[in-house]
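**Q** Just so it is clear: in the sequence shown, position 54 is 53 by numbering that gives the first Met the number 0, and no numbers are missing.
No residue lacks a Cβ here, since even glycine has one placed at the ideal position from N, Cα and C.
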Amino acid sequence: MEKTRQEWLKQTFFRGEALTLEDPLYLRWVQIFTEGLLEADLGQGDLTVQALMSGREQGRAEMVANEAGILAGLDELVWFYRRHGLALERLKADGDLVHPGEAVLRAEGDLKTLLALERTGLNLLQRMSGIATLTRRLQERIRHRSPTTFVVATRKTPWGLLDKRAVHLGGGGTHRLGLWDTILIKNNHLKALASSEEEAVPLAVKRAWSHRGQAVFIEVEVTGLPGALAAARTFRELQNGQAPFPCVMMLDNVTPEDAERIILALRDQGLYDHVLIEASGRIAGESIEAYAAAGVDAISVGALTHSAKALDLHQVLE
Numbered sequence: 000m001e002k003t004r005q006e007w008l009k010q011t012f013f014r015g016e017a018l019t020l021e022d023p024l025y026l027r028w029v030q031i032f033t034e035g036l037l038e039a040d041l042g043q044g045d046l047t048v049q050a051l052m053s054g055r056e057q058g059r060a061e062m063v064a065n066e067a068g069i070l071a072g073l074d075e076l077v078w079f080y081r082r083h084g085l086a087l088e089r090l091k092a093d094g095d096l097v098h099p100g101e102a103v104l105r106a107e108g109d110l111k112t113l114l115a116l117e118r119t120g121l122n123l124l125q126r127m128s129g130i131a132t133l134t135r136r137l138q139e140r141i142r143h144r145s146p147t148t149f150v151v152a153t154r155k156t157p158w159g160l161l162d163k164r165a166v167h168l169g170g171g172g173t174h175r176l177g178l179w180d181t182i183l184i185k186n187n188h189l190k191a192l193a194s195s196e197e198e199a200v201p202l203a204v205k206r207a208w209s210h211r212g213q214a215v216f217i218e219v220e221v222t223g224l225p226g227a228l229a230a231a232r233t234f235r236e237l238q239n240g241q242a243p244f245p246c247v248m249m250l251d252n253v254t255p256e257d258a259e260r261i262i263l264a265l266r267d268q269g270l271y272d273h274v275l276i277e278a279s280g281r282i283a284g285e286s287i288e289a290y291a292a293a294g295v296d297a298i299s300v301g302a303l304t305h306s307a308k309a310l311d312l313h314q315v316l317e
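1) Give me, in chain order, the residues of the same chain whose beta-carbon lies closer than 6 angstroms to that of phenylalanine 12; leave out the 5 immediate sequence neighbours on both sides.
2) Over the uninterrupted alpha helix (DSSP H) stretch that includes arginine 331, give me the two end residues.
3) Could you pull the start and end residues of the beta strand (DSSP E) that glutamine 57 belongs to?
4) Who are the near neighbours of glycine 170 in its chain, counting only those whose CB is closer than 7 angstroms to its CB and skipping five residues on each side?
5) What span of residues does the beta strand (DSSP E) with glutamate 218 cover, start to end?
6) Could you tell me the boundaries of the beta strand (DSSP E) in which isoleucine 182 lies?
7) So, is the C-beta of serine 306 closer than 9 angstroms to a C-beta in chain D?
8) Report the three-state DSSP secondary structure of methionine 0 (helix, strand or coil).
9) If you count every other CB in all the chains shown that lies within 10 Å of the CB of threonine 19, and 16 or more means buried, which is it?
10) Out of curiosity, what's the CA-to-CA distance linking methionine 0 and glycine 212?
11) Determine which residues share a DSSP beta bridge with glycine 68 and list them.
12) Looking only at C-alpha atoms, which of Arg140, Leu202, Val315, Arg126 sits nearest to threonine 304?
13) What are the start and end residues of the beta strand (DSSP E) that includes isoleucine 276?
14) Measuring straight from C-alpha to C-alpha, what distance separates aspartate 109 and valine 166?
15) Determine the contact status of isoleucine 276 and valine 247, defining contact as a CB-CB distance below 9 angstroms.
16) Looking only at its own chain, which residues have a Cβ that is under 7 angstroms from the Cβ of isoleucine 160, when we skip the five neighbours before and after it?
17) Between lysine 111 and glycine 94, what straight-line distance do the alpha-carbon atoms span, to the nearest angstrom?
18) Helix, strand or coil for phenylalanine 149, going by three-state DSSP, please let me know.
19) Pull up the distance between the alpha-carbon of glutamate 236 and that of proline 99, whole angstroms please.
20) Could you give the DSSP three-state label for valine 295: helix, strand or coil?
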């Protein structure tokens, strides 16, 4: 049975279900970030704790939300705390909406450890929850204009796959997980092949097509109608008689009005069904609804992961 446009969209851009602690690659990323942050913070030891505590006192602490938001990073936090010998009780789950004053986690164990891990644990939970919260907020704004359009992440991810998982928990798409899994032809790739976008796009897409077996999808960046038509025509030509494969064009720094005109042209020329359409490039909260109304399938927003405000939480000893 042929897939619907929404099914292709989900297959292409929504890969967050793979980002779990059961996945060796994702677990490695979690370990790199948590242990690296702790090492940078702890150095040769916590001088304050060394000065104030002499024995092996036991303690209990709770992580508590100071503002409403979407919780993300709890699985990672539990793994990290348990790795350092703490006993834990989950009070919430990743993806839950939390309210001010609600506890999300209770930890018990060596008091020195509870205090030493506090900032690293909070940094993890606050960052991932902030990303998830912003993602949910933008997705809700999009839904009012187009229920079939989704916000997706970019590669502007200082915390790598942890940032991608946070977007997933907020209801957004991960986009590609890294350079290894997708062929994404951007403007600098095109400039290396030909002087004009209209000439370079077909050449690049045809070269990429023979490597599609190694990729989740093929995407090409275009900046206007000529490049968009060239991309869609090439995708249609290559798809003829072949097994279905996800093909995407990225409208880079194109206005919502021009995006709508491009989509209309693709429909008029029978090209629309051969390509998914992503809008990208300095898209902020003020303009995201206009891009959704234009009819694009996905809107990639770098601010999801490079500028999201951390969710306010704190750890308190009981």
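**A** Considering the structure as presented:
1) The beta carbon of phenylalanine 12 sits closer than 6 angstroms to the beta carbons of Val151, Gly172, His174, Ala297 from its chain, once the five residues preceding and following it are set aside; these are given in chain order.
2) Residue 331 lies beyond the range of the chain shown here (0 to 317); nothing can be said about it.
3) Here the beta strand (DSSP E) through glutamine 57 covers 57-64.
4) Thr134, Arg135, Gln138
5) 217-221
6) 182-184
7) In summary, chain D is missing from the structure at hand, where a single protein chain is found.
8) Low confidence applies here, because methionine 0 scores a pLDDT of 44, under 50, leaving its location unreliable; read the following figure in that light. Note: methionine 0 maps to coil in three-state DSSP.
9) Exposed, since its Cβ has fewer than 16 Cβ neighbours within 10 Å.
10) The predicted model places methionine 0 with a pLDDT of 44, which falls under 50 and marks its position as unreliable; any figure quoted below should be read in that light. Spanning the two alpha carbons is a distance of roughly 21 angstroms.
11) Val97
12) Arg126
13) For isoleucine 276, the enclosing beta strand (DSSP E) has its first and last residue at 275-279.
14) 33 angstroms
15) yes
16) In the sequence as displayed, the identity of residue 160 is leucine instead of isoleucine. Exclusion of the five residues before and after leucine 160 leaves Leu18, Tyr25, Trp28, Leu176 as the residues of its chain whose Cβ lies within less than 7 angstroms of its Cβ.
17) Taken atom to atom, the span from the alpha-carbon of lysine 111 to that of glycine 94 is near 30 angstroms.
18) strand
19) Glutamate 236 and proline 99: Cα-Cα distance of roughly 55 angstroms.
20) coil
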